[in-house]
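Residue 0 in numbering that gives the first Met the number 0 is what sits at position 1 of the sequence shown, and the numbering runs on without skipping anything.
A short write-up of the structure that comes next.
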Amino acid sequence: MAAYSTDQFMGQPSGIHLVNIADDLSEQKGDVIKSLSGPKGRITRLAWTDLNRTLVTAGEDGFVRRWDVETGKITAENRIHDLDIKDMRFSKDGTHFITASGDRTAKIVDAQDLTVMKEFAFERPANAADMSPIADHVVVGGGQEASQVTTSAGKAGRFESRFFHKVYQEEFGTVRGHFGPVNAVAFHPDGRRYGIKLNCSLLSSLCMPANSNSKIHCANAALACSFVTGGEDGYVRLQHFDATYFNMLNKQEL
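Now the structure itself:
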């Protein structure tokens with residue numbers, strides 16, 4: 000089963016719609032088996048939780064809500080942001096999630112009672128956030144709004160991905176490269192590499208120094224490319240952590 004949201008349009012309220020996913024794609028139908036509606040406003044993100052018995056949504060009104068899929072009712076809600084929520088990602092174990100908002104904050108929220116556990120503040124809007132599946136690290140991307148990009152230098156616009164410790168909230172790294180706001184960030188599911196199989200020469204050019212031994216850098220490249228970012232400039236960038244990052248994890252966290 001899949002869930003998707005629709006915006007308010009032509010007198011129709013915004014809502015959540017459930018559809019079955021057929022095992023055979025040739026038998027797939029678009030029939031909606033159930034619709035959920037409630038507060039007005041655009042639903043920007045949604046995710047399944049509680050063994051698919053509950054949906055959690057984030058909206059442009061700054062609220063996060065829990066929906067009972069069977070009854071279609073809202074069981075809990077909390078306004079955690081002053082402006083629209085642009086992104087929401089669950090932790091690997093499903094106990095909490097992180098949000099990013101135009102109010103220049105990212106917050107870690109308990110998935111059951113929707114209370115804010117941690118908050119990260121920025122000088123520019125936060126457009127996207129994700130949490131590492133193997134360490135207590137979060138990454139948040141954003142930058143000055145696109146309408147004002149032409150009047151700002153890249154450094155002033157803060158078009159970057161910033162890394163924080165999830166518990167201590169300390170910033171320990173910044174990755175630049177985009178020429179506009181960062182609108183999407185994601186760790187690889189295993190926290191270490193991306194899941195695309197490429198030939199060794201391309202992996203080498205993406206992830207390792209050109210003067211490396213081909214056999215060595217080919218093997219290490221699969222471990223090095225660790226997260227991806229997408230920006231307003233239209234580019235998707237495959238990023239990698241260096242050996243120092245993984246050595247730190249091996250000694251302190253893994």
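The beta-carbon is built from N, C-alpha and C at its ideal position, and this holds for glycine as well.
**Message:** Would G190 and D232 be called neighbours here (beta carbons separated by less than 8 Å)?
**Reply:** On the sequence shown, position 191 is the one that residue 190 refers to. On the sequence shown, position 233 is the one that residue 232 refers to. No.
**Request:** Sort out for me which residues DSSP pairs I107 with in a bridge.
**Result:** Stepping through the sequence shown from its first residue, residue 107 is reached at position 108. Answer by DSSP bridge pairing, in chain order: I97, K117.
**Message:** Going by DSSP in three states, S25 sits in which element: helix, strand or coil?
**Reply:** By 1-based counting over the sequence shown, the position of residue 25 is 26. S25: helix per DSSP, three-state reduction.
**Prompt:** Is V184 near G140, with beta carbons less than 8 Å apart?
**Reply:** In the sequence shown, counting from the first residue as 1, residue 184 sits at position 185. In the sequence shown, counting from the first residue as 1, residue 140 sits at position 141. Yes. Within cutoff.
**Message:** Just to check my reading of the structure: A99 and N126 have Cβ atoms closer than 8 Å, yes? What is that Cβ distance to the nearest angstrom?
**Reply:** If you number the sequence shown from 1, residue 99 lands on position 100. If you number the sequence shown from 1, residue 126 lands on position 127. That pair is a contact at about 6 Å.
**Request:** Measure the Cβ-Cβ separation of F158 and V181 and say whether it is below 8 Å.
**Result:** Working through the sequence shown from its first residue, we reach residue 158 at position 159. Working through the sequence shown from its first residue, we reach residue 181 at position 182. Going by C-beta atoms, F158 is nearer than 8 Å to V181.
**Item:** Three-way DSSP call (helix, strand, coil) for Y234 in this model
**Value:** On the sequence shown, position 235 is the one that residue 234 refers to. Of the three classes helix, strand and coil, the one that applies to Y234 here is coil, per DSSP.
**Pick from V63, F245, I32, E26 that is closest to P38, judged by C-alpha positions** = Looking up residue 38 in the sequence shown gives position 39. Closest option to P38, Cα to Cα, is V63.
**Prompt:** Should the region 114–132 be called in touch with the region 82–90, which here means at least 3 C-beta pairs below 8 Å?
**Reply:** yes
**CB of P132 within 8 Å of CB of F186, strictly** = The sequence position of residue 132 within the sequence shown is 133, counting from 1. The sequence position of residue 186 within the sequence shown is 187, counting from 1. Yes, the Cβ-Cβ distance between P132 and F186 is below 8 Å.
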